[in-house]
Amino acid sequence: MYIQFAELPVTDQDRAKAFYTGKLDCEVAADAPMGADGWRWIELKFPGTQTNLHFIRRENDTPSDMPVLVFVADDVAGTIEALRVKGVEIVTEPHEPTWQPGRAVAEFRDSEGNRMVIGTP
């Protein structure tokens, strides 16, 4: 068993799709009309994973104060630097959290203002 997709609240589907394909190297798994209002069913696939990312409509203009997804990477510092070069907003620099000694974590924001954590395995 695995998770088919995680839902991510977005305001602008095209902007979010461009962010995830251009900055996080996602591939489009689905992009199809869904309803009369122009909203689309968009699913993105991360390289090397089974879980896709699905955009849902954000209910208001305020992104969550808490991280909404946690990514895992062997080289957090290198990944954060690559995101910085691509113009991604870095919220916290790589550091060792007191609650998980030996693990490196950092945070960034996506195009929709969502906070994301990236950490070592």
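Sequential numbering from 1 applies to the sequence shown in the UniProt record's numbering.
For each residue, glycine too, the CB sits at the ideal point set by N, CA and C.
For K86, count the other beta carbons within 10 Å of its own beta carbon; 16 or more makes it buried, fewer makes it exposed. Which is it? exposed
Can you tell me whether V92 is helix, strand or coil according to DSSP? Correcting the residue identity first, residue 92 is Thr in this sequence and not Val. Strand at T92.
Supposed contact pair K45 and A29 - C-beta distance, whole angstroms, cut 8 Å: 5 Å
Please give me, in chain order, every unbroken run of the beta strand (DSSP E) with length at least 3 that falls completely inside the UniProt domain "VOC" (2-121). With a minimum length of 3 residues, the continuous beta strand (DSSP E) runs that stay inside the UniProt domain "VOC" (2-121) are 5-10, 27-33, 40-45, 52-57, 69-72, 89-95, 105-109 and 115-119.
Is the beta carbon of M116 sitting closer than 8 Å to the one on V68? yes
Taking 8 Å as the cut-off, decide whether the C-beta atoms of P94 and R103 are in contact. no
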